[in-house]
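In my numbering, the protein residues as written are 239 to 384.
Written as C-alpha cells, this is what we have:
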C-alpha cells in the first residue's frame with residue numbers, strides 16, 4: 239500500500255474523541271457479540287485511546303468552541319500544527335507556549351505570548367477541578383502575604 243498524501247488532514251483530540259465515542263455508541267446499538275481477532279484489536283485500540291483522550295481538555299470542548307478558537311487564532315501568526323497543539327493541550331504558561339510554538343522567542347514578543355495565553359484560557363474550557371485548585375492556591379498565596 240502506498241501513502242499518497244500523509245498529511246491530508248489534521249485531526250484534533252476533540253474530533254478523535256467524538257469519532258470514537260460515536261463509533262462506540264454505534265457498536266453498542268448494533269449489538270454484535272461475535273467478533274474476529276482483528277475486531278478485538280480495534281476494540282482495544284479504541285478503549286485505550288478513549289481512556290487517554292478523556293483525560294485531556296478535549297472532553298470539555300464542542301464544535302462551537304473549536305470554531306471560536308480557530309477564528310480567534312487568525313490574528314496570531316501560527317502554523318496549522320501549532321494551532322492544533324494549542325487546541326489539544328490548552329497551555330496555561332509561557333513555557334508551555336514555547337514548547338508548542340517553534341522558534342517562539344524569535345517569532346513572538348512577551349505581549350504576544352500573554353495575548354495568546356489569554357485567548358487560549360478564555361476560549362478553551364479547562365478542567366473545573368484544576369481551575370478551582372489554582373484559584374484556591376492563588377487565594378492562599380494572597381492570604382500568606384497579608
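Cβ coordinates follow ideal geometry from the N, Cα and C atoms, glycine included.
request  = List the endpoints of the continuous alpha helix (DSSP H) containing residue 305.
outcome  = 301-310
inquiry  = Cutting at 8 Å between CB atoms, please list the residues of its own chain near residue 247, excluding the five before and the five after it.
reply    = No residues qualify anywhere along the chain.
task = Go to residue 297, then tell me how far its alpha helix (DSSP H) extends in each direction, as first and last residue.
result = Premise fails: residue 297 is in no alpha helix (DSSP H) and is neither H nor E.
Segment contact flag, the stretch 288-305 with the stretch 345-358, C-beta cutoff 8 Å, min 3 pairs = no
task = Quick one: grab the DSSP three-state call for residue 348.
result = helix
query = Would you report the Cα separation of residue 329 and residue 344, rounded to the nearest angstrom?
reply = Looking at the two C-alpha atoms, the distance is approximately 19 Å.
ask   = Should residue 322 and residue 268 be called a contact, given that it needs their Cβ atoms to be closer than 7 Å?
value = No, the pair does not count as a contact, with Cβ atoms beyond the cut-off.
inquiry  = Taking the beta carbon of residue 263 as the centre, do at least 16 other beta carbons fall within 10 Å, making it buried, or is it exposed?
reply    = exposed
query = Looking only at its own chain, which residues have a Cβ that is under 7 Å from the Cβ of residue 347, when we skip the five neighbours before and after it?
reply = none
key: Through-space distance from residue 335 to residue 388, alpha-carbon basis   = Since the first residue shown for the chain is 239 and the last is 384, residue 388 is missing from the structure and cannot be characterised.
message = Could you check whether residue 304 and residue 252 sit closer than 7 Å to each other, using their CB atoms as the reference points?
response = yes
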